[in-house]
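If you use the UniProt record's numbering, the sequence shown corresponds to residues 1 to 604, in order.
Ideal Cβ positions, reconstructed from N, Cα and C, are used throughout, including at glycine.
Data first, discussion second: the structure below is written as structure tokens.
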Amino acid sequence: MTTIYVPPTIDPVERPEGTPAAAETLSSTLLSNAARISEFAEEAAALASPSYLWVGDAASAYSSHAAAFAEKHEPMAATLKRVARGVDVFAEQLRTLLSDHIDLNGEISTYRRDRKDLMADVDAADDVTEAEIAVLQERARRLTTRYSWLVSDISSFGQRVTANEDFLVQLFTGADTAAEAGQADGGIDPLALAAIGGMPAAGDGPKKMAEWWAGLTEAEQDALIAAYPERFGSADGLPSSARDDANRLLLDSDLTELRLKEEAGTLTSDERQRLENAEAAEKALKLADDYIVPGTDDKPGGTLWLYDPDAFDGDGRVAIGVGDLDTADDVSIQIPGIRTEMDDAPYYAQQAADLYESARYNGDGSSVATLFWLGYDTPAGDLLEWGEVPLERYAADGGDRLATAVDGLRASRADDPAHMTAIGHSYGSTATSYAATEHDLAVEDIALVGSPGTGPADSASDFSVGADHVYVGRNSSDLVATLGDEGWVGKDRLFDAGLGTDPSSEDFGAHRFEAEAVDRQRDTGTARGFGYDAPHYNTDDHVKYFDRDSESLYNLGRIVDGQADDINAAEHSYDRWWDFAQDPEADRTPTAKTPGSSKTGYRE
Numbered sequence: 001m002t003t004i005y006v007p008p009t010i011d012p013v014e015r016p017e018g019t020p021a022a023a024e025t026l027s028s029t030l031l032s033n034a035a036r037i038s039e040f041a042e043e044a045a046a047l048a049s050p051s052y053l054w055v056g057d058a059a060s061a062y063s064s065h066a067a068a069f070a071e072k073h074e075p076m077a078a079t080l081k082r083v084a085r086g087v088d089v090f091a092e093q094l095r096t097l098l099s100d101h102i103d104l105n106g107e108i109s110t111y112r113r114d115r116k117d118l119m120a121d122v123d124a125a126d127d128v129t130e131a132e133i134a135v136l137q138e139r140a141r142r143l144t145t146r147y148s149w150l151v152s153d154i155s156s157f158g159q160r161v162t163a164n165e166d167f168l169v170q171l172f173t174g175a176d177t178a179a180e181a182g183q184a185d186g187g188i189d190p191l192a193l194a195a196i197g198g199m200p201a202a203g204d205g206p207k208k209m210a211e212w213w214a215g216l217t218e219a220e221q222d223a224l225i226a227a228y229p230e231r232f233g234s235a236d237g238l239p240s241s242a243r244d245d246a247n248r249l250l251l252d253s254d255l256t257e258l259r260l261k262e263e264a265g266t267l268t269s270d271e272r273q274r275l276e277n278a279e280a281a282e283k284a285l286k287l288a289d290d291y292i293v294p295g296t297d298d299k300p301g302g303t304l305w306l307y308d309p310d311a312f313d314g315d316g317r318v319a320i321g322v323g324d325l326d327t328a329d330d331v332s333i334q335i336p337g338i339r340t341e342m343d344d345a346p347y348y349a350q351q352a353a354d355l356y357e358s359a360r361y362n363g364d365g366s367s368v369a370t371l372f373w374l375g376y377d378t379p380a381g382d383l384l385e386w387g388e389v390p391l392e393r394y395a396a397d398g399g400d401r402l403a404t405a406v407d408g409l410r411a412s413r414a415d416d417p418a419h420m421t422a423i424g425h426s427y428g429s430t431a432t433s434y435a436a437t438e439h440d441l442a443v444e445d446i447a448l449v450g451s452p453g454t455g456p457a458d459s460a461s462d463f464s465v466g467a468d469h470v471y472v473g474r475n476s477s478d479l480v481a482t483l484g485d486e487g488w489v490g491k492d493r494l495f496d497a498g499l500g501t502d503p504s505s506e507d508f509g510a511h512r513f514e515a516e517a518v519d520r521q522r523d524t525g526t527a528r529g530f531g532y533d534a535p536h537y538n539t540d541d542h543v544k545y546f547d548r549d550s551e552s553l554y555n556l557g558r559i560v561d562g563q564a565d566d567i568n569a570a571e572h573s574y575d576r577w578w579d580f581a582q583d584p585e586a587d588r589t590p591t592a593k594t595p596g597s598s599k600t601g602y603r604e
């Protein structure tokens, strides 16, 4: 008699208690109250300042009393804000758990059905052959393996539910008295307090940060993000998902607090600038979150990779991604140029989405993520900075910061490296050149579009990626792209007014791709001859490199997707010593490139 072992049945897993929406409502309420307490503390501090109109013992006593109120309420506001952020972390984790709960119970249901079918077939097996017995044994073996995996998954799920609930308990019990709320560490999970001590110094580099983070438990990571989002939202080396969680907490906190002050009419000028930056980030992030790839149901999702609204005297720093930066096969990082500030974030988030579409439709099927990165101080705003545009100190600093940011992305995926492309536009191409020549920018490919010059690089071979991996797009009507040095008379050398070499020139040695705008501006009838359409140099064509259906975006999509060997190549510009530099692209008729089109411009 043959015995067939059938593993035990498994009961469905109970649903975790609570709802994310209710937790988020509580978080908003706590943030609102924190903002009011903070505003009260600020008012008390202002009242504590000495007045020349009121002096004496009574004035001193009043000032001392007001200062004590401010000193008491400031930490309370900070504690309440930390608790609110922690509740947000709990809500997000609960949302993930509820989704996993549905999946897990679905697997259990399938297991129970397959077990029931196997039991019925075993009971019905009376006079069976050895071959039929072998089939039943194999089914039982596979079911036993599934049982083992399910038991393990159920145990892990239960631990995660318990850890999330314990996190919330610790969060509230750490600040459930006035004394605790007034302490500097009030509302901080003990797990976070214990884990933060092992955090590497910033000078240790992204790799050390990544290794430290990977060694933490999920509960410790959640506790740290809730307690110290300002540290981890910009921590190079952390997974992009962790940075996103931290930065969304900061953004939500800023929006709640600053909008309350706006309603009360108490916003300072600095706070108004911070609110404008926060609202720009909110709009850009919503665009990335809601983006659906045209013609599909694919919603790749957004990432708030960097959020620092006070940086650079209020210009701000921000980086927003489309797609999964932690897992995508191909990742791009776009570096903008002059006059870019944080309030431009929605415009550049849309560019990132359009580039994502181009890389997806015109690629080889690999997964893609695109990141708009404004992590450096661009020349923008006042007349002094505009006067410094021809100088390179902003680009030099930007190159350093860009290389560090890319190192952080690399370190966060050391075991699963992506094919990475840096795309520098306008002055951003000069910053990218600094990163690639002086800081070993850790990307596979570099694309420069609308470049006014490559800074310290005299040729593509100066770049760390090598000349064969440098690509250039230039619209023949782009005024900014004429500013680079080309030929024997250099604007940089002769007038000390340029930003370096024109990368589209044949002497530079990069791969040039077609980047003419279909609606580029022309001058008809010039000194070259009646009826000749010559370039009408302008700045409008300078901002068309990421336009949908454009030649430039098509080719950038190919490069991002790792298909740079199949771009539409363009002839280089060249210099004749007796005449101005010549651009053969000026004589070519541009072709629209719809997503999914062939190299000739027609949809395949």
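Give me whichever residues DSSP pairs with residue i in a beta bridge.
| i | result |
| --- | --- |
| TRP373 | ALA319 |
| HIS419 | ASP330 |
| ALA447 | ILE423, TYR471 |
| THR303 | GLY321 |
| VAL368 | ASP330 |
| THR501 | ASP485 |
| ASP308 | ARG317 |
| TYR347 | DSSP lists no partner for TYR347. |
Contact defined as beta carbons within less than 8 Å: I believe residue i pairs with residue j. What is the distance between those atoms, to the nearest angstrom?
| i | j | result |
| --- | --- | --- |
| ARG95 | PRO16 | The pair is not a contact, with the Cβ atoms about 10 Å apart (cut-off 8 Å). |
| THR378 | THR340 | 5 Å |
| ASP326 | SER241 | 6 Å |
| TYR471 | HIS439 | Not really, about 20 Å apart at Cβ, beyond 8 Å. |
| GLY174 | ASP189 | 7 Å |
| VAL89 | ASP222 | 5 Å |
| LEU80 | LEU30 | 6 Å |
| PRO452 | GLY484 | 6 Å |
Give the secondary structure of residue i by DSSP, where H, G and I count as helix, E and B as strand, and everything else as coil.
| i | result |
| --- | --- |
| PHE513 | strand |
| GLN170 | helix |
| GLN582 | strand |
| ARG548 | coil |
| TYR291 | coil |
| ALA569 | strand |
| ASN555 | helix |
| ARG339 | coil |
| residue 609 | Any answer about residue 609 is impossible in this case: the structure gives the chain only from 1 up to 604. |
| ARG522 | strand |
| TYR228 | coil |
| TYR361 | helix |
| ASP478 | strand |
| TYR356 | helix |
Suppose you measure from the CA of residue i to the CA of residue j; what does that come to, to the nearest Å?
| i | j | result |
| --- | --- | --- |
| PRO229 | ALA214 | 17 Å |
| ALA418 | TYR356 | 15 Å |
| SER573 | GLY562 | 25 Å |
| ALA396 | TYR434 | 6 Å |
| ALA319 | LYS544 | 21 Å |
| GLY237 | GLU220 | 17 Å |
| ILE98 | ALA457 | Checking the displayed sequence, the identity of residue 98 turns out to be Leu instead of Ile. Distance between the alpha carbons of LEU98 and ALA457 is about 53 Å. |
| HIS469 | ASP445 | 5 Å |
| LEU251 | TYR537 | 41 Å |
| GLN159 | GLN170 | 16 Å |
| VAL87 | ASP254 | 16 Å |
| residue 609 | ILE567 | The requested residue 609 does not occur in the structure, where the chain is confined to residues 1 to 604. |
| ALA23 | TYR348 | 32 Å |
| PRO8 | TYR307 | 51 Å |
| ASP519 | ALA246 | 43 Å |
| PRO300 | ILE4 | 46 Å |
| GLU165 | GLN93 | 10 Å |
| LEU383 | VAL322 | Note that LEU383 scores 39 on pLDDT, short of 50, meaning its location in the model is unreliable and no value can be drawn from it. |
| ASP416 | VAL368 | 14 Å |
| GLU585 | GLU514 | 8 Å |
| LEU499 | GLY428 | 11 Å |
Keeping to the same chain, check which residues put their C-beta closer than 8 Å to that of residue i; ignore five residues upstream and five downstream.
| i | result |
| --- | --- |
| PHE495 | In this prediction, PHE495 has a pLDDT of 46, which is less than 50 and means its spatial position is unreliable; what the coordinates show is noted afterwards. There are no such residues. |
| ALA363 | According to the sequence shown, residue 363 is Gly rather than Ala. ASP330, GLY557, ARG558, VAL560, ASP561, GLY562, GLN563, listed in sequence order. |
| SER109 | PRO12 |
| SER32 | THR256, LEU260 |
| SER505 | GLY484, GLU486, GLY487, HIS572, SER573, TYR574, ASP575, ALA581 |
| ALA467 | SER459, ALA460, SER461, GLY509, ALA510 |
If I measure Cβ to Cβ from residue i and keep anything under 6 Å in the same chain, skipping five residues before and after, which residues do I get?
| i | result |
| --- | --- |
| PRO309 | ARG274, ASN277, ALA278, GLY316 |
| ARG139 | LEU118 |
| residue 689 | In this structure the chain extends from 1 to 604, so residue 689 is not present and cannot be described. |
Using a Cβ-Cβ cut-off of 7 Å (strictly less than) and excluding sequence neighbours within five positions of residue i, which residues of its own chain qualify?
| i | result |
| --- | --- |
| ALA405 | ASP236, TRP373, GLY375 |
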